[in-house]
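Participant:
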Amino acid sequence: MPPVPVAFDSGGALALETRSLTKRFGRQIAVNAIDLAVPRGSVFGFLGPNGSGKTTSIRMFLGLVEATSGDISVLGERMPDRLRDVLPRVGALVEGPAFYPFLSGEDNLRRLDSADRNASARTRRDRVGSALDRVGLGAAAGKKAGAYSLGMKQRLGIANALLQPRELLVLDEPTNGLDPQGTREVRALVRSFAAEGTTVFVSSHLLAEVEQVCTHAAILSAGALVAQGSLDELRGAGERTLRVRTPDAGTAASVLARLGLEPSLPPTNGDHAEVTARLTGDSIDSAHTDAIVPALVASGVRVRGFRIDEPSLEDRFVALTGEGFDVVR
Amino acid sequence: MSSGESSPTGRLAAGLGLLWSELAVLFRRRRTWAMLAAVALIPILLAVAVRLSSASLDPGEGPPFLDRVTQNGLFVSFTAMVVAIPLFLPLTIGVVAGDTIAGEASHGTLRYLLVAPAGRIRLLLVKFTGAAVFCAAAAVTLVVAGTLIGALLFPVGPVTLLSGDLISVPESFARSALVAAYVAVSLLGLSAIGLFISTLTSVPVGAMAATVVVSVVAQILDVLPQLAWLHPWLFSHHWLGFSGLISQPLDWSTFGENAVLQAGYVLVFFSLAYGRFASKDILS
């Protein structure tokens, strides 16, 4: 038991907040003291390789799994104490959709809707119908869920999260199993939820997905939160890369070195060799970078291409987690 | 302030919604109908076998009441009950009760029910009620099928009871209904045990098998004379004790004892199920 309850943001600026949230399974730490702050109205990407603790965290937010220690606040209410009042305002897709294979898509949604005490039986048919229409399953409503394709099940799972007007949508890997067209549709749906003012919390191991729809993101690695903030903040903390394409690679490198950079030479020399150098945020301001090309030209370097790559979220991700999107072993 | 949904009656109606949904799901499954059909088949097979065989039974030969079937078709359902109680009915209860929570867990729907939020104790109550309704459905199916096939294949008339008294046909229907009620109540304890076992696993077949094994073990213990002190406490002890309901005068004592015993089992195992389920991490 935590000795003193931590005071949570009461102004309601955050849709979801955790303090030192930790979950242990036996000796293994699945989630390690994460402090998450999800602003209301944001589309928040919860990024991490498979096995980094995303789903366990989500299960704790929703009261399915009890935290070993730490505090959770969802929509300004403490969880899981206020679960009965909070969950009707939250729509969720947790670790993939799950349905009764012997019931139709429509009957599945009615069944899950009847589990919500606050859901009106009178409006059930209409709400189920409009949720199905919203995800494009209107035509397949009467088909048995067991006969649905993976993509249709995924959409049915999203429809289940839309049975009520929600203030927060928690979507765990919503594009899993979808083809590129389906992925685009889900992205469009997420944007439309956000446009309606719903906070959307999307977990994913696919960086591109997060980069395309999210306003904010947090990066989880082996159970620990390694970064969070707006997408610009996350990118901004990374490094920009300077690329000079030139046949005079050697000269270019020495010019760059004179300017205080640490150039790396390309493995092969040739007409289109590319010299790269990292621009660390503080040491190189824009006036300084403007001086690079004149300096190269003055030294007789034939500059055929000059580019500064903005830091990508992917670089940042790899730098923070020390790995690509592989399963943590 | 009080909208239709937050008023007491509105809340109650919304609370019952999950129960209706549970019953609808239970009785829309082909498996449930297959089991009820198999239950109905027991008196049918029994009656047909008796009708086709020429050999007449000596009184007391075969299962209880079997020797009376040829004289009065209304005895078919009693005989079938005696045949079905030790294994077949517990088997079907095991399937339904063992599936309650573990089945939802294996479908993955448990997490969605709880996130809805169904409420853990409410879900357990609804699940137990569903299993209890199935007990009643199975008992009624057996009695109705037995009465119908008995009336079809054998003469029907005033029934001679075990005590030698004669009762009218309508009264014998009332007695049959009482026997069905007795058997349904008898199976409640096992249903609660199945519910508890179901909260321990996400493998429904395991919970089903374990529940059936428990019922078999209880019946084995019940025939060991060395454990006579234990017998009155076994949930299966009164399973075949409905003869008081087909005697004249009607003897309610076993019915009462059995009901109290089953209520005790329900209380204990529902509490255990709640204790287990209330704080369980749902990882399925």
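Note that the protein sequences, when read in sequence, are chains A and B. If you're matching positions, the first sequence starts at 7 in the working numbering and goes up one per residue. If you're matching positions, the second sequence starts at 7 in the working numbering and goes up one per residue. Glycine included, every Cβ here is placed at the ideal spot set by N, Cα and C. In this text the structure is predicted, and so the values were computed from the model without any measurement.
#1: What residues in its chain sit with their C-beta under 6 Å from that of A:GLY18, if we drop five residues either side in the sequence?
#2: DSSP state of B:PRO231, grouped into three classes?
#3: So within the segment 173–217 of chain A, which uninterrupted alpha helix (DSSP H) runs reach at least 4 residues, ignoring any that extend past its ends?
#4: In chain B, what lies closer than 7 Å to A:GLU72 by C-beta?
#5: Confirm, please, whether the CB-CB distance from A:ARG130 to A:ASP119 is below 8 Å.
#6: Any chance the segment 187–195 of chain B sits against the segment 66–86 of chain B, with 3 or more Cβ pairs inside 8 Å?
#7: So which residues on chain B does A:TYR106 lean against when the C-beta distance must stay under 7 Å?
#8: Whole angstroms is fine: what's the gap from B:GLY163's alpha carbon to B:ALA157's?
#9: Roughly how many angstroms lie between the CA atoms of A:MET85 and A:ASP91, to the nearest whole one?
#10: According to DSSP, is A:ARG128 helix, strand or coil?
#11: Closer than 9 Å, Cβ to Cβ, to anything on chain B: give me those residues from the segment 122–146 of chain A, in chain order.
#12: Out of A:PHE108, A:ALA228, A:ILE64 and A:GLU112, which one is the CA nearest neighbour of A:GLY152?
#13: Whether or not the segment 147–155 of chain B and the segment 175–189 of chain B are in contact is what I'm after, with contact meaning three or more pairs of Cβ atoms, one per stretch, closer than 8 Å; do they touch?
#14: Using the Cα positions of B:GLY23 and B:ARG126, report the straight-line distance between them to the nearest angstrom.
#15: Check whether the Cβ atoms of B:ILE252 and B:VAL175 lie closer than 8 Å to each other.
#16: According to the neighbour-count rule (16 or more other Cβ atoms, all chains shown, within 10 Å of its Cβ), is A:PHE31 buried or exposed?
#17: Closest by CA to A:LEU115, which one among A:ILE64, A:ARG322 and A:GLY135?
#18: For A:GLU350, count neighbouring C-beta atoms within 10 Å of its own C-beta (all shown protein chains included) and say buried if the count is 16 or more, exposed if not.
#19: Closer than 8 Å, CB to CB, is A:VAL100 near chain B or not?
#20: Keeping to the same chain, check which residues put their C-beta closer than 6 Å to that of B:ASP287; ignore five residues upstream and five downstream.
#21: Applying the criterion that 16 or more other CB atoms from any shown protein chain within 10 Å of the CB defines a buried residue, is A:LEU319 buried or exposed?
#22: Is the segment 29–44 of chain A touching the segment 179–194 of chain A in the sense that three or more CB pairs, one from each, lie closer than 8 Å?
#23: For B:PRO238 versus B:ALA108, is the C-beta spacing smaller than 8 Å?
#24: For A:ASP132, count neighbouring Cβ atoms within 10 angstroms of its own Cβ and tell me buried if that reaches 16, exposed if not.
#25: Ignoring anything shorter than 4 residues, give me the alpha helix (DSSP H) runs that lie fully in the segment 59–110 of chain A, in order along the chain.
#26: Is it true that the CB of A:ALA279 sits closer than 8 Å to the CB of A:PRO269?
#27: Per DSSP, B:PHE84 forms a beta bridge with which residues?
#28: Under 8 Å by Cβ, that's how I've got B:LEU52 and B:SER178 pegged, so tell me the actual separation to the nearest angstrom.
#29: In this structure, what does DSSP give as the bridge partners for B:ALA55?
#30: Mind listing the chain B neighbours of A:ARG117? Cutoff is C-beta to C-beta under 7 Å, in chain order.
#31: Going by DSSP, name the residue or residues bridged to A:ASP315.
#32: I'd like the list of long-range same chain contacts for B:THR207, defined as Cβ closer than 6 Å, with 5 residues on each side in sequence excluded.
#33: Along the segment 165–176 of chain A, what residues have a CB closer than 8 Å to any CB found in chain B?
#34: Taking only beta carbons into account, state which residues of the segment 153–186 of chain B come closer than 7 Å to chain A, listed in chain order.
#35: Return no unless some Cβ of chain B is closer than 8 Å to the Cβ of A:SER120.
#36: Can you confirm whether B:GLY270, when its beta carbon is compared against all beta carbons of chain A, has any partner nearer than 8 Å?
Facilitator: So, from the listed chains and residues:
#1: GLY82
#2: helix
#3: 186–201
#4: SER285 and ASP287
#5: yes
#6: no
#7: VAL31, HIS113 and THR115
#8: 9 Å
#9: 10 Å
#10: coil
#11: ASP122, ARG123, ASN124, ALA125, SER126, ALA127, ARG128 and ARG130
#12: A:PHE108
#13: yes
#14: 15 Å
#15: no
#16: exposed
#17: A:GLY135
#18: The structure shown does not extend to residue 350 of chain A, since chain A is modelled only from 7 through 335, so no value can be given for it.
#19: yes
#20: none
#21: buried
#22: no
#23: no
#24: exposed
#25: 60–67 and 89–92
#26: no
#27: BP columns for B:PHE84 are empty, so no partner.
#28: So it is not a contact: roughly 18 Å between Cβ atoms.
#29: For B:ALA55, which the question treats as bridged, DSSP gives no partner whatsoever.
#30: SER27 and VAL31
#31: A:THR247
#32: ALA108 and ALA213
#33: ASN166
#34: none
#35: yes
#36: no
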